[in-house]
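Heads up: the structure comes next, in structure tokens.
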Amino acid sequence: MKILHLISQRPELTGSGMYVQAVIREAEKRGHDNYFLSGIPEKDAPELAGIDPKQCAFVRFEGGDLPFPVVGMSDVMPYRSRRFSALCPREVDAYETTFSEALARAVEAFSPDLIHSHHLWVVSALARELFPGIPMVTSCHGTDLRQFKTCPHLGERVQPACSRIDGVMALTRAQAREIASVYGIPGARIHVVGGGYDDARFAPAGKSAPPPVEILFAGKLSRAKGVPWLLRALSLLTDLPWRLHLAGSSTGTELGLCRDLAEPLKGRVVFHGMLDHDALAALMARSHLFVLPSFFEGLPLVLLEALASGCRIVATSLPGVREVLGEAPAGCVRLVDLPSLKSADEPHGADEPQLEVMLAGALKDQILSAMDSPEIDVASASRILAPFTWAGVFERIQGVYDKVTEGGQAGGGSAGGMRLG
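Counting from 1, one number per residue, gives the positions in the sequence shown under the UniProt record's numbering.
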């Protein structure tokens, strides 16, 4: 099968970008012919392992096809970016026109049997409108649901076309229900396929005996990811022997805030910047505890990678996290409840001190557990992780491909799907 893969932002520096790369590599193993279209900065072409550069096309931002930076699906990206909420009508029109032209060129050059886009947002809506006769599936990553809420003027624009996509793939059952509610897509067309991790790269390794307990965060250094909250919580635990590693980047005031909060911790916080997958895997292998205190996530693949690497976990009790890790033994995973939020990914200011105390309590428990026993229960972790290898995830994706392409059912969304639980 000839598959055109679409993502509107940089494919090498975000979780959704890693997801689409993994999907393309698994599709290659199945004998599919793949073509890839994404957005990148004019002067920064990505190196995509295992993906033929001759089978790639790009919309170039910052002086190429569009004058402004890549527009990110999150408001804070690990690279220079624009927010959808900040685009003026003229910029939105230019964005849509440029991607429409790129899509038309890709379809003419490649003649795909199937389009697989990522994010139920502007580019997916354009692809559905432009090519109603080509079967189409879209993977939801959660940030599209957030954009729908924070940019209602664009949500109204994309909803009709997104609701006609033949198959939508969700990370979790909770996300599938939200997709049905927000976009008006029948449950029969929504398929829960999950997310995956590279089980060859992320695997248990012997942990060194503390002290210190090595704590790792990987992701955007932003308020939405909870990094300031994490640093304030650790400032309550300076009597314990820990060292925090921050793997990731940010821009502007959010990065400055994180550095300011780390300053009083006197060298116990290490800023690594952006790491490639091999470097991140090596850092996870020697870390005892992984922390993800986000206020908004779909299914964070980094939690699967951390658990596979033998890390204890502290994370916020978000729906997708609970669905995957909620049954894990407390010795492996501690989840921290969140209060109601002021917006999709921002707490009320009055709740922040209590949040810091709750996170500090979970961190203290896991730090003490790691000091007592550096290794986790590998058998329990393996049972949790079994459905989430990329081979297993792609098996479910292939099932969706098969459903939407059989019988020529493009554009109308009549293919059967997994019923929502």
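Glycine included, C-beta positions come from ideal geometry on N, C-alpha and C. Values in this document were obtained by computation on a predicted structure and should not be read as measured data.
Member of Val23, Ser8, Asn34 and Glu26 whose CA lies at the smallest distance from the CA of Pro41: Ser8
Would a check of beta-carbon distances place Gln366 closer than 8 Å to chain B? This model lacks chain B altogether; it includes just one protein chain.
Would Glu323 and Thr143 be called neighbours here (beta carbons separated by less than 8 Å)? no
Enumerated in chain order, which unbroken segments of the alpha helix (DSSP H) with a length of 4 residues or greater are wholly contained in the segment 351-378? 352-372
Answer yes if the segment 204-219 comes into contact with the segment 235-245, meaning at least three C-beta pairs across the two stretches below 8 Å, and no otherwise. yes
Where Ala410 sits in the DSSP three-state scheme: At Ala410 the pLDDT is 49, less than 50, meaning the model places this residue with poor confidence; the figure from the coordinates comes in the next sentence. In the structure shown, Ala410 sits in coil (DSSP, three-state: anything other than H, G, I, E or B).
Taking Cβ to Cβ, would you say Pro228 is nearer than 8 Å to Leu257? yes
Using the Cβ count rule (16 or more neighbours within 10 Å means buried), how would you classify Cys366? In the sequence under discussion, the amino acid at residue 366 is Gln, which differs from the Cys named in the question. Classification of Gln366: buried, given that the 10 Å Cβ count is 16 or more.
Since Met284 and Glu305 should fall inside the 8 Å C-beta cutoff, what is the C-beta to C-beta distance between them, to a whole number of angstroms? 6 Å
Taking the alpha carbon of Ala205 as the point to measure from, which residue in Gly267, Asn34 and Val378 has its own alpha carbon closest? Val378
Cβ-Cβ distance between Val193 and Val400 below 8 Å: yes
Report the three-state DSSP secondary structure of His116 (helix, strand or coil). strand
Name the DSSP beta bridge partners of Ala170, please? Val192
Taking 6 Å as the limit between beta carbons, can you name the residues of its chain near Phe290, skipping five residues before and five after? Leu216, Ala306, Cys311 and Ile313
Is it true that the CB of Leu221 sits closer than 8 Å to the CB of Ile115? no
Compare the Cα-Cα distances from Arg82 to each of Val92, Ala262 and Val70 and report the closest residue. Val70
Arg232 (DSSP reduced to helix, strand or coil): helix
Applying the 10 Å Cβ sphere with the 16-neighbour rule, what's the burial state of Arg105? exposed
Using a threshold of 8 Å, state whether the C-beta atoms of Ala360 and Arg334 are closer than that. no
Have a look at Arg60 and Phe68 and give me their C-alpha separation to the nearest angstrom. 10 Å
Reference Ile134, options Ala370, His153 and Asp166, closest by Cα: Asp166
Whose C-alpha, out of Glu12, Ser38, Ile397 and Gly50, is nearest the C-alpha of Glu28? Gly50
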